[in-house]
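Structure, as structure tokens:
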Amino acid sequence: MRSRRKAGRAVCTVNFAAWLLGAALLAGCASPGAGRSASGTRIDPKVLVEASEKVRLRGIPEPLRADFVRLYSEGRQNSVLHAMQAGLRALRLGYGDLAREALDQAIAEVEALQEGTAQARRAKSRFVGEREKWFKGEHYERSALYFYRGLIYLMDEDFDNAAASFKRAQIEDITGDDAPDFAGDWLAAEWGLALASVKAGRPADAAEARRRAGGFARRVPDAAWPVADVDTLVVVEAGRAPWKSRGGKFGEQLVITERASAVAAVEVAAVKQPVLEDIYHQASTRGTRQVDYILGEKASFKEDTGNAALGLGVAAVAAAQTRTDEGAIAAGVLGLAALGTAIASAATQPEADIRSWDVLPAAVFMVALRTGGAALEVRGLDGSGQLVNRAEVAGVGQNSGQKAWRVVFVRFPE
Amino acid sequence: MNRCLCLCLGFPLMLAACATAPEPSVRYVEPGAQGRVAGTGIESQDIAAAAQAAAASMLQLPQVTQSARPPVVIITPVTNRSASPIDTNLYTTKLRGALMQHSGGRMVFLARDAAAATNEREQQLREAGAVQPGGTAATGRVGATYDYVLTAELQGIATATRDGKSDYFLVSFKLVDFSDVLVWESQYEIKKEGRESGVYR
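Chains as they are written, first to last, in this note's numbering: chain A, 316 to 729; chain B, 14 to 214.
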């Protein structure tokens, strides 16, 4: 009778362990949504109100308000992400000052290597998700950050800093040991550097940029390169950014999916230009990241502890069924061990961070030409040369007081 | 039983050993003092230190020490040929301020960029009789000219690998006289390395 009571307690212990195990397994991470940041952290409603008020007082234009509210309310964990988003949207909409401000903030925070180290250390822990680190973007997003900042310097006729930004875009394009041919291979950055160099009176630097581009794995031999007497830069963006998602058994793998644009070339005033930058190509040629090893180790730990919990649970049940004192003790011990390992498994967070600068385009084209301020038609052509998109760029009057040099942005959504 | 409980609860904790990796860090390498800096890019204190060193060197020049009057120098905007975007206007101002502070009146600096347009406008008002000249001639403003042009150029080599970043900067100062003769040149080097956490690499 006594041993039966003990055996009964052991079975109860195992049942309780199983219940806790189920609860722990069900206790998934909080998902981003209303009132939550891009990394899933709850945002204090008071902070949201303050951010909205700040945006209102600053007179941020309506199309940019949501980005700036996020920028001001989500803290350093996501500020680079929202500064990138806000900066690029502002640039496209013609709010140069806001674009400059936002992208400069993103650059300063990306370059601040010592800041966020505590969060980075936490993100390495098995029980903390990667998304808790301060977002600094993947390598292609950091390169794009400098690339777009370079375009703003071109707008400002600050050709030295434009050249510096394009060089920096290449430096940010690092790769793993398994993708050595793709480091620093942004054709658009070399093209922008060539343009900045010829405008700054340094044709040798432009020639060197073109020579380097000729050695890239992704060759574009028919690209039209800039010359010194151009007065207009047309930047055409087409399609949508590559899509980040999670793969692997536990979502530990970062999967990049292409969202290709239908536009394969653009034509402006009889100058035909192929895709200078394929963002998916850049995003998908990173090779293995160091963080991939960290996430892989977390996933292995999750799987191993899950298997161990199952094994211990089965053993606990088997021990309980012996209906002896020893069996009851063993069942209790095994049940608690199963519970501990199940909790450890459930608490492990190997999921890859998929926060993304998702307003980037799929493809970038740039055409530099001498127009004398004339209106322009920009034609987007598919792979067979058929017209799939077109846009008109207004001319600049001779006596309008506007500068002779102009940079115009055209966006083809698909 | 208590021991068993402790063992069981301690088991997951033992399993949860954190991965260790080198601390992310940024430091001056050679030359320059070590310190906590934000990134590997050039910063205002680097320009200030370079300007201070340049001023000390320039003040030893015979053209300065043996001149009957303090030579007049115009500083051209800093030229950036590095891979690090900088605010060239800010750095030019910083450079001029540092040189002014350390030259002790033994050199005079022109600020044509700051005052020439205002002075031209004032001269027009004086000529029109709208303002009193205050002791100077009512017509024919003669702005000071310079004896030397001081240029500052920033060059650099930047590298990045999966382990971190490295930036080398060379700040070159040139003092050129009105006949285009290079009177003096000095260089100041800065090198920084940065290491980032593995979660960003």
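Beta carbons are placed, not taken as given, at the ideal position from N, Cα and C, and that holds for glycine.
{"Query": "Separation of alanine 509 of chain A from alanine 66 of chain B, as counted between CA atoms", "Result": "34 Å"}
{"Query": "Close-in-space but distant-in-sequence residues of the same chain around glycine 118 of chain B (CB under 8 Å, 5 per side omitted)", "Result": "Pro83"}
{"Query": "When A/Asn622, A/Arg638 and A/Ser671 are compared against arginine 555 of chain A, the one with the closest alpha-carbon", "Result": "A/Ser671"}
{"Query": "Alpha carbon of lysine 369 of chain A to alpha carbon of arginine 391 of chain A, nearest angstrom", "Result": "17 Å"}
{"Query": "Below-8 Å beta-carbon distance, alanine 345 of chain A vs any chain B residue", "Result": "At alanine 345 of chain A, the pLDDT of 43 sits below 50, so the modelled position is not reliable and the matter cannot be decided from this model."}
{"Query": "Short CB-CB distance (under 8 Å) between valine 184 of chain B and chain D", "Result": "The structure shown contains no chain D; its protein chains are A and B."}
{"Query": "Cβ shell of alanine 521 of chain A (< 6 Å), same chain only, five flanking positions each side left out", "Result": "Ala509, Ser512 and Val513"}
{"Query": "Tyrosine 463 of chain A in three-state terms, based on DSSP", "Result": "helix"}
{"Query": "Where proline 589 of chain A sits in the DSSP three-state scheme", "Result": "strand"}
{"Query": "8 Å Cβ cutoff, arginine 604 of chain A in contact with chain B", "Result": "yes"}
{"Query": "Residue environment, phenylalanine 616 of chain A, which counts as buried when at least 16 other CB atoms sit within 10 Å", "Result": "buried"}
{"Query": "Span separating the alpha-carbon of aspartate 607 of chain A from that of threonine 686 of chain A", "Result": "49 Å"}
{"Query": "CA-to-CA distance, histidine 115 of chain B to isoleucine 489 of chain A, given in whole angstroms", "Result": "42 Å"}
{"Query": "Expected contact under 8 Å - CB spacing of glutamate 202 of chain B and phenylalanine 186 of chain B to nearest Å", "Result": "Not confirmed; about 12 Å, so no contact."}
{"Query": "Leucine 428 of chain A at chain B interface by Cβ criterion, 8 Å", "Result": "yes"}
{"Query": "Neighbourhood of arginine 726 of chain A by C-beta, 7 Å cutoff - its chain only, sequence neighbours within 5 removed", "Result": "Arg407 and Glu552"}
{"Query": "Proximal chain B residues relative to glutamate 487 of chain A, where beta-carbon distance stays under 7 Å", "Result": "Ala173"}
{"Query": "Serine 660 of chain A (DSSP reduced to helix, strand or coil)", "Result": "helix"}
{"Query": "Chain A within 8 Å of serine 57 of chain B, Cβ atoms only", "Result": "no"}
{"Query": "Nearest to alanine 623 of chain A (by Cα), restricted to the options A/Leu418, A/Gly563, A/Gly602 and A/Ser660", "Result": "A/Ser660"}
{"Query": "Positions along the stretch 74-103 of chain B whose CB lies within less than 8 Å of some CB in chain A", "Result": "Thr92, Asn93, Arg94, Ser95, Ala96, Ser97, Pro98, Ile99 and Thr101"}
{"Query": "Residues near alanine 34 of chain B by beta carbon distance below 7 Å, same chain, minus five either side", "Result": "In this predicted model, alanine 34 of chain B has a pLDDT of only 42, less than 50, meaning its place in the structure is not dependable; the value taken from the coordinates is given anyway. Contacts found: Gly211."}
{"Query": "Closest by C-alpha distance to lysine 722 of chain A, when choosing among A/Val679, A/Glu729 and A/Asp471", "Result": "The sequence given here places valine at residue 722 of chain A; lysine does not occur at that position. Measuring from the Cα of valine 722 of chain A, the nearest candidate turns out to be A/Asp471."}
{"Query": "C-beta neighbour in chain B for lysine 439 of chain A, strict 8 Å", "Result": "yes"}
{"Query": "Residues that DSSP places opposite asparagine 93 of chain B in a beta bridge", "Result": "B/Leu167"}
{"Query": "Glycine 54 of chain B: contacting residues in chain A (beta-carbon distance under 7 Å)", "Result": "Glu426"}
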